[in-house]
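Numbers 1 to 489, taken from UniProt numbering, label the letters of the sequence shown in order.
Just so it is clear, CB atoms sit at the ideal spot from N, CA and C, and this is done for glycine as well.
These numbers come from a predicted model, not from an experiment.
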Amino acid sequence: MEKDVPIVVVKEVGKSYGTVEALKEVSFVVERGEIFGLIGPDGAGKSTLFRILTTLLLADKGTATIGGLDVATEYKQIRTKVGYMPGRFSLYQDLSVEENLEFFATVFHTTVQENYDLIKDIYQQIEPFRKRRAGALSGGMKQKLALSCALIHKPDILFLDEPTTGVDPVSRKEFWQMLRNLREQGITIVVSTPIMDEARQCDRIAFINHGKIHGIDTPERILQQFASILCPPSLEREEVRHETAPVIEVEQLTKCFGNFTAVDHISFQVNRGEIFGFLGANGAGKTTAMRMLCGLSKPTSGIGKVAGYDIFREAEQVKKHIGYMSQKFSLYEDLKVWENIRLFAGIYGMKEQEIERKTEELLDRLGLASERDTLVKSLPVGWKQKLAFSVSIFHEPRIVFLDEPTGGVDPATRRQFWELIYQAADQGITVFVTTHYMDEAEYCNRISIMVDGQIKALDTPARLKQQFGAETMDDVFQQLARGAVRKAD
């Protein structure tokens, strides 16, 4: 095919699920060798479009071609020419790193050796862990393995659906450098991302919302044109003062797994109503530390008190006095909205009459009254996230632990989520939050940054930026995380 002919041509593609129109007459082209971004809020139609272009879903109307081949009738040939990383890692969790790679090579009738040069720079970073199960890898390592698997058959074009969700800022920068290197080797890349700094690294971006493409242009023009959705203004907050008695006290807390020290003698305090950011690269020890504080894992040594209870001796009391929301939404997908609320309220020991009254209040406040009988799996990601947070503080705990609660969510929805966090903090609930979004770090009262299992920095965002001579929290994070010795494995 001639070099100046577009590699992707989409004409008036439409797709409906029952009465819901996921895509409405979508049209665009992608030129060979470019990085083309697809940007839009949750539920805009991005993943549906990716599935159609990778021949996993048939459009109801319109046409689409990849390299001149029709996605509906020539799908077998197309599948040999495309690589695809879906939103959730396309890996077999129980297979090892090398078994995953060999499996994908076999599917495409090739071998790892035949195309090793293409993936060499990426795969070498995870090769020391080739015998490890994929499910036991960190987010950054999974991402590199998934990209290697998508590339092993030497595709002409890569489709990446939010590939850096749940990955720390340092690993994200490395990933985008990999994409630029792949483009130099002639591979076209189509990528969706909720992170606007990543969108700026594309050659062009298309803004999609409610199933329609509203504009295609350079990143700066699109981000300026649709700033209210893609780049909402920072939150302003007039902080409510509470008494400063600590509700979390940690002294020399340590957790070892055999000879490996995951958390290495950390000490800090968190006060009532404080929003405390707990940051670190993948593998730094954040999740292990949080599991200890939540009473889910016993420390090897050291002291920890949460809501006045000892995390070693009184773990069950700790669990009763906290709320928790994991990065994988802590809701039951096959239960209705109201059933999820009732279930968790019952687990926390609330009385029936109180549950009924507060359920109605919560549904009204979230604007979900009309969705009370909807199955949670049918809700948009942003709604699930707000519901999960509200459920985690439904019993009015003293502390709520949030483990990367906004991963993969668009900027406007993330801002709304932080409004809920501010409301909780103003009511005196302490918020202990991990995040990989450095703009969110700016919203915290204080931040700690872990490196190699130790807390290397702890202060307000303003003082940390001053201390490290940095303009943004991202700069502070990069300076510290790049000094890590151990790998995010």
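Report the residue ranges of all beta strand (DSSP E) runs contained in full by the segment 344-406; include only those spanning at least 3 residues, in chain order. Taken in chain order, the complete beta strand (DSSP E) segments of 3 residues or longer contained in the segment 344-406 are 399-403.
Is alanine 72 helix, strand or coil by DSSP? Within the sequence shown, numbered from 1, the residue matching residue 72 stands at position 72. DSSP places alanine 72 in coil when its eight states are reduced to three.
Might you give, ordered along the chain, the residues of its own chain that have their beta carbon closer than 8 Å to the beta carbon of valine 96, omitting 5 neighbours on each side? The residue labelled residue 96 in the question sits at position 96 within the sequence shown. The amino acid at residue 96 is misidentified as valine; the sequence shows serine. Only Arg130, Lys131, Arg132, Arg133 and Ala134 meet the Cβ criterion.
What's the call for arginine 482, buried or exposed, on a 16-neighbour Cβ count within 10 Å? Locating residue 482 in the sequence shown gives position 482, counting from the first residue. A residue is called buried when at least 16 other Cβ atoms come within 10 angstroms of its Cβ; arginine 482 does not meet this threshold and is exposed.
Decide yes or no for the touch test of the segment 319-333 against the segment 265-277: beta carbon pairs closer than 8 Å, at least 3 of them. Under the three-pair Cβ rule at 8 Å, the segment 319-333 does not count as touching the segment 265-277.
Identify the residues that DSSP records as bridge partners of leucine 458: which are they? Locating residue 458 in the sequence shown gives position 458, where the first residue counts as 1. Per DSSP, Ser448.
I'd like to know if the segment 428-440 and the segment 391-404 are in contact, where contact means that at least 3 CB-CB pairs between them fall below 8 Å. Segment contact: the segment 428-440 against the segment 391-404, three or more CB-CB distances shorter than 8 Å; contact assigned.
Euclidean distance between Cα positions of threonine 193 and glutamine 201: Residue 193 sits at position 193 when you count from the first residue of the sequence shown. Residue 201 sits at position 201 when you count from the first residue of the sequence shown. Just so you know, the alpha carbons of threonine 193 and glutamine 201 end up roughly 11 Å apart.
Does the segment 4-11 come close enough to the segment 26-36 that 3 or more CB-CB pairs lie under 8 Å? The segment 4-11 and the segment 26-36 touch, with three or more beta-carbon pairs separated by less than 8 Å.
Taking its Cβ as the centre, do 16 or more other Cβ atoms sit within 10 Å of asparagine 181, making it buried, or is it exposed? Residue mapping note: residue 181 aligns to position 181 of the sequence shown, counting from 1. Around the C-beta of asparagine 181, fewer than 16 other C-beta atoms lie within 10 Å, and the residue is accordingly described as exposed.
Residue(s) in a DSSP beta bridge with alanine 206: On the sequence shown, residue 206 is found 206 positions in, with the first residue counted as 1. Note: alanine 206 sits in a beta bridge opposite Leu38 and Ile216.
What do you get for alanine 488, buried or exposed, if any count of 16 or more other CB atoms within 10 angstroms of its CB means buried? Residue 488 sits at position 488 when you count from the first residue of the sequence shown. Below a pLDDT of 50, predicted positions are generally treated as unreliable, and alanine 488, at 48, falls in that range; no measurement from the model is reported.
First and last residue of the beta strand (DSSP E) that includes proline 246? As a position in the sequence shown, residue 246 is number 246, starting the count at 1. Proline 246 -> beta strand (DSSP E) spans 246-257.
Express the C-alpha separation of serine 171 and residue 530 in angstroms, rounding to a whole number. No information on residue 530 is available, as it lies outside the stretch 1 to 489 that the chain covers here.
Report the residue ranges of all beta strand (DSSP E) runs contained in full by the segment 268-296; include only those spanning at least 3 residues, in chain order. Fully enclosed beta strand (DSSP E) runs of 3 or longer: 275-280.
What residue range does the alpha helix (DSSP H) around glutamate 184 cover? As a first step, residue 184 is located in the sequence shown; it is residue number 184 there, counting from the start. Run containing glutamate 184: 169-184, per the alpha helix (DSSP H) assignment.
Spatial distance of valine 20 from leucine 235 (CA atoms): Within the sequence shown, numbered from 1, the residue matching residue 20 stands at position 20. Within the sequence shown, numbered from 1, the residue matching residue 235 stands at position 235. Rounded to whole angstroms, valine 20 to leucine 235 spans 33 Å at the Cα level.
Strictly by DSSP, which residues pair up with methionine 85? What you label residue 85 is simply residue 85 of the sequence shown in a count that begins at 1. Bridge partners of methionine 85: Leu160.
Counting only the same chain and skipping the five closest in sequence on each side, list residues whose C-beta sits under 8 Å from that of alanine 412. Against the sequence shown, residue 412 aligns to sequence position 412. Counting only Cβ-Cβ distances below 8 Å, and skipping sequence neighbours, we find Pro41, Ser228, Ile229, Leu230 and Pro232.
Pair every Cβ in the segment 64-80 with every Cβ in the segment 96-105, then say whether three or more of these pairs are closer than 8 Å. Contact fails: fewer than three Cβ-Cβ distances are below 8 Å.
According to DSSP, is arginine 133 part of a helix, a strand, or is it coil? As a first step, residue 133 must be located in the sequence shown, where it is residue number 133. Reduced to three states, the DSSP call for arginine 133 is strand.
Three-state secondary structure (DSSP) of leucine 23: Counting from one through the sequence shown, the residue named residue 23 turns up at place 23. DSSP places leucine 23 in strand when its eight states are reduced to three.
State the start and end residues of the unbroken alpha helix (DSSP H) segment that holds tyrosine 17. What you label residue 17 is simply residue 17 of the sequence shown in a count that begins at 1. Here tyrosine 17 belongs to no alpha helix (DSSP H); instead the beta strand (DSSP E) covers 8-17.
Put valine 431 into one of helix, strand or coil per three-state DSSP. The sequence position of residue 431 within the sequence shown is 431, counting from 1. Three-state DSSP puts valine 431 in a strand.
Distance, Cα to Cα, isoleucine 303 vs leucine 379? In the sequence shown, residue 303 corresponds to position 303, counting from 1. In the sequence shown, residue 379 corresponds to position 379, counting from 1. Approximately 41 Å, taken between the alpha carbons.
Measure the C-alpha to C-alpha separation of isoleucine 399 and alanine 281 and round it to an integer number of angstroms. As a first step, residue 399 is located in the sequence shown; it is residue number 399 there, counting from the start. As a first step, residue 281 is located in the sequence shown; it is residue number 281 there, counting from the start. For isoleucine 399 and alanine 281, the distance between alpha carbons rounds to 24 Å.
Where DSSP assigns a beta bridge to residue 491, which residues make up the other side? Since the first residue of the chain shown is 1 and the last is 489, residue 491 is not available in this structure.
CA-to-CA distance, methionine 450 to leucine 279, given in whole angstroms: Here residue 279 corresponds to residue number 279 of the sequence shown, with the count starting at 1. Here residue 450 corresponds to residue number 450 of the sequence shown, with the count starting at 1. One C-alpha to the other measures close to 6 Å.
Do isoleucine 208 and threonine 199 have their beta-carbon atoms positioned less than 8 Å apart in this structure? Position 199 of the sequence shown holds residue 199. Position 208 of the sequence shown holds residue 208. Threonine is not the amino acid found at residue 199; the sequence shown has alanine there. In terms of Cβ geometry, alanine 199 and isoleucine 208 do not form a close pair [threshold 8 Å].
Valine 167 to valine 263, Cα distance in whole Å? The sequence position of residue 167 within the sequence shown is 167, counting from 1. The sequence position of residue 263 within the sequence shown is 263, counting from 1. Their Cα atoms are separated by approximately 20 Å.
Which first and last residues belong to the beta strand (DSSP E) in which threonine 188 is found? In the sequence shown, counting from the first residue as 1, residue 188 sits at position 188. Where threonine 188 is concerned, the enclosing beta strand (DSSP E) stretches over 188-192.
Roughly how many whole angstroms lie between the Cα atoms of aspartate 4 and isoleucine 35? The count along the sequence shown starts at 1 and reaches residue 4 at position 4. The count along the sequence shown starts at 1 and reaches residue 35 at position 35. Distance between the alpha carbons of aspartate 4 and isoleucine 35 is about 15 Å.
Just verifying my parser: in three-state terms, what is the DSSP assignment at serine 330? Your numbering for residue 330 matches position 330 in the sequence shown. It is coil, neither helix nor strand.
Could you give the distance in angstroms between the alpha-carbon of isoleucine 187 and the alpha-carbon of alanine 245? Here residue 187 refers to the residue found at position 187 of the sequence shown. Here residue 245 refers to the residue found at position 245 of the sequence shown. If you take the alpha carbons of isoleucine 187 and alanine 245, they lie about 57 Å apart.
Run through the DSSP bridge pairs and tell me what residue 497 is partnered with. In the structure as shown, the chain begins at 1 and stops at 489. Residue 497 is therefore absent and cannot be evaluated.
Integer-rounded CB distance, given that lysine 386 should sit under 8 Å from glutamine 416: Locating residue 416 in the sequence shown gives position 416, counting from the first residue. Locating residue 386 in the sequence shown gives position 386, counting from the first residue. About 7 Å separates the two Cβ atoms, so the contact holds.
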